[in-house]
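In the working numbering, the protein residues as written are 485 to 827. Backbone N, C-alpha and C fix where the C-beta goes; we use that ideal spot for every residue, glycine too. Below: one structure, written as structure tokens.
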Amino acid sequence: MNPINKIVCEPFGVCNGKEIFIFRIANVHGNYVELLNYGAIVKSIVVPDKNGIKENVVLGFPTLEGYLKDKSYIGATVGRFANRINNAEFSIGNKTFHLDKNDGKNNNHSGSAGFNDKVFDFVIEDDAVIFILENENGDGGFPGNLNTKVIYNWTDKNELKIEFLAVADESTPLNFTNHSYFNLSACAEKIIQHKLNIQATKILESTEDYIPTGKIIPADNYLFFNYKLTDVMQNNGLNIYYIFDRISSNENAVCELFEEKSGRLMRVYTSYPGVQLYTGDYLNSAIIGEHSKHYEPFDGLCLECQYYPDSPNHAHFPNTIFEAGQVYNETITYAFDVVILEN
Numbered sequence: 485m486n487p488i489n490k491i492v493c494e495p496f497g498v499c500n501g502k503e504i505f506i507f508r509i510a511n512v513h514g515n516y517v518e519l520l521n522y523g524a525i526v527k528s529i530v531v532p533d534k535n536g537i538k539e540n541v542v543l544g545f546p547t548l549e550g551y552l553k554d555k556s557y558i559g560a561t562v563g564r565f566a567n568r569i570n571n572a573e574f575s576i577g578n579k580t581f582h583l584d585k586n587d588g589k590n591n592n593h594s595g596s597a598g599f600n601d602k603v604f605d606f607v608i609e610d611d612a613v614i615f616i617l618e619n620e621n622g623d624g625g626f627p628g629n630l631n632t633k634v635i636y637n638w639t640d641k642n643e644l645k646i647e648f649l650a651v652a653d654e655s656t657p658l659n660f661t662n663h664s665y666f667n668l669s670a671c672a673e674k675i676i677q678h679k680l681n682i683q684a685t686k687i688l689e690s691t692e693d694y695i696p697t698g699k700i701i702p703a704d705n706y707l708f709f710n711y712k713l714t715d716v717m718q719n720n721g722l723n724i725y726y727i728f729d730r731i732s733s734n735e736n737a738v739c740e741l742f743e744e745k746s747g748r749l750m751r752v753y754t755s756y757p758g759v760q761l762y763t764g765d766y767l768n769s770a771i772i773g774e775h776s777k778h779y780e781p782f783d784g785l786c787l788e789c790q791y792y793p794d795s796p797n798h799a800h801f802p803n804t805i806f807e808a809g810q811v812y813n814e815t816i817t818y819a820f821d822v823v824i825l826e827n
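Written out as structure tokens, the structure reads:
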């Protein structure tokens, strides 16, 4: 625990008769994150550049209206099941469950059951904000009553630590992530000049609508070893699941994102087996965002650490069907630093 960190909670608006609050956690350096109990959203991450100028490095909105109208899951906690489920259905035993078809014929980010527009209860404990959500059996077609906690902690080392805890009373698929869009230039430029490193040499092969075929293939032209995004993207957006080159969870960074002009570096640590890289090519915000602009394609990128997409429909993928009473517990950490390159 770090009692130096200050958590301030203030009203942010009302959604469906429920009050929405904004939580600011500041560390000893005055750097801070802002969170919402709407969607358990990360609204802001304010950290210094190489000159000590503090700016927000994630996309967000200054008012609740922006989030209510957002279709891009900006900053949101995603569950019950992040990413896509083919044909919006899966089976457990002999029973088939049918979900919302909100992405063509498929389900994406859980449809109407999605955490992104749910109002969470909350508890403040020392330097952590804990968001709590009770999901009813059958919500969006998913089985089981589900209790979820999303725990946010902001450290003096400029680390945003996220822990997901959940338990259901029936067997059900679970896969949570955070859908923040990062731009380490604070939107001074698009993300295409950022350098990215992903500790992965394999990806999931997928169809045009981002459904895994079941094949694990070499990343080849989509490898990221400190390459600029523009060099790999070649004018196209990317939406690819990378499988980390490791046997088990460890303390090494699985991703590094660097923006040279600001000198900002973000390292990503996680217990998950892989990450969905999404370069924000569908961004199109109706409301002006935190950076005094309407967000457009490539204004931010997501590094969505999670389980394999569509895993309930692929027996050889890591299992995501959690039995009744089985505890879901995964973590993501975004750690921020500054690197000054010598000329």
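Could you check what DSSP says for residue i in three-state terms: helix, strand or coil?
| i | result |
| --- | --- |
| Tyr-779 | coil |
| Asn-705 | helix |
| Lys-553 | helix |
| Asp-715 | helix |
| Met-485 | Because the pLDDT at Met-485 is just 36, under 50, the model does not fix this residue reliably, and the point stays unresolved. |
| Gly-624 | helix |
| Ile-687 | strand |
| Leu-548 | helix |
| Gly-698 | strand |
| Gln-790 | strand |
| Asn-500 | coil |
| Phe-728 | coil |
| Phe-606 | strand |
| Pro-796 | helix |
| Asn-600 | helix |
| Ile-676 | helix |
Rounded C-beta distance between residue i and residue j? I'm assuming under 8 Å.
| i | j | result |
| --- | --- | --- |
| Thr-656 | Phe-806 | 6 Å |
| Phe-545 | Gly-758 | Not a contact, Cβ separation roughly 29 Å. |
| Phe-604 | Asn-521 | 5 Å |
| Val-789 | Gly-764 | A small correction: the amino acid at residue 789 is Cys; Val does not occupy that position in the sequence shown. The Cβ separation is near 17 Å, so there is no contact. |
| Lys-645 | Thr-817 | 5 Å |
| Phe-648 | Glu-814 | 5 Å |
| Glu-643 | Ala-819 | 4 Å |
| Ile-803 | Tyr-762 | Looking at the sequence provided, one finds Asn at residue 803 rather than Ile. With 8 Å as the limit, Asn-803 and Tyr-762 do not qualify as a contact, their Cβ atoms being about 24 Å apart. |
| Asn-662 | Val-526 | 6 Å |
Give the DSSP bridge partners of residue i, in chain order.
| i | result |
| --- | --- |
| Met-750 | Leu-741, Phe-820 |
| Phe-581 | Phe-574 |
| Asn-723 | Tyr-762 |
| Arg-564 | Note: Arg-564 sits in no beta bridge, so no partner. |
| Lys-538 | Pro-532 |
| Asn-633 | According to the sequence shown, residue 633 is Lys rather than Asn. DSSP lists Ile-616, Leu-649 as partners of Lys-633. |
| Tyr-516 | Ala-510, Val-530 |
| Asp-587 | Asn-590 |
Among the options, which has the Cα closest to the Cα of residue i?
| i | options | result |
| --- | --- | --- |
| Thr-580 | Asn-571, Ile-687, Gln-677, Leu-722 | Asn-571 |
| Val-811 | Lys-633, Thr-714, Leu-680 | Lys-633 |
| Tyr-766 | Ser-755, Gly-721, Tyr-756, Gly-625 | Gly-721 |
| Asn-681 | Phe-728, Lys-641, Ile-816, Ile-504 | Phe-728 |
| Val-607 | Lys-641, Asp-601, Phe-615 | Phe-615 |
| Phe-507 | Asn-631, Leu-713, Asn-637 | Asn-637 |
| Gly-598 | Asp-587, Val-562, Lys-589 | Val-562 |
| Phe-708 | Lys-641, Leu-741, Gly-622 | Leu-741 |
| Lys-555 | Ala-770, Ala-650, Asn-723, Val-822 | Ala-770 |
| Gly-523 | Leu-548, Gly-501, Gly-536 | Leu-548 |
Could you check whether the region 740-756 touches the region 770-781, counting it as contact only if at least three pairs of C-beta atoms, one from each stretch, sit closer than 8 Å? no
When the Cβ atoms of the region 650-665 are set against those of the region 683-703, are three or more pairs found closer than 8 Å? no
Is there contact between the region 663-675 and the region 792-799, where contact requires at least three CB pairs shorter than 8 Å? no
Inter-stretch contact (C-beta, 8 Å, three-pair minimum) for the region 573-589 and the region 531-551: no
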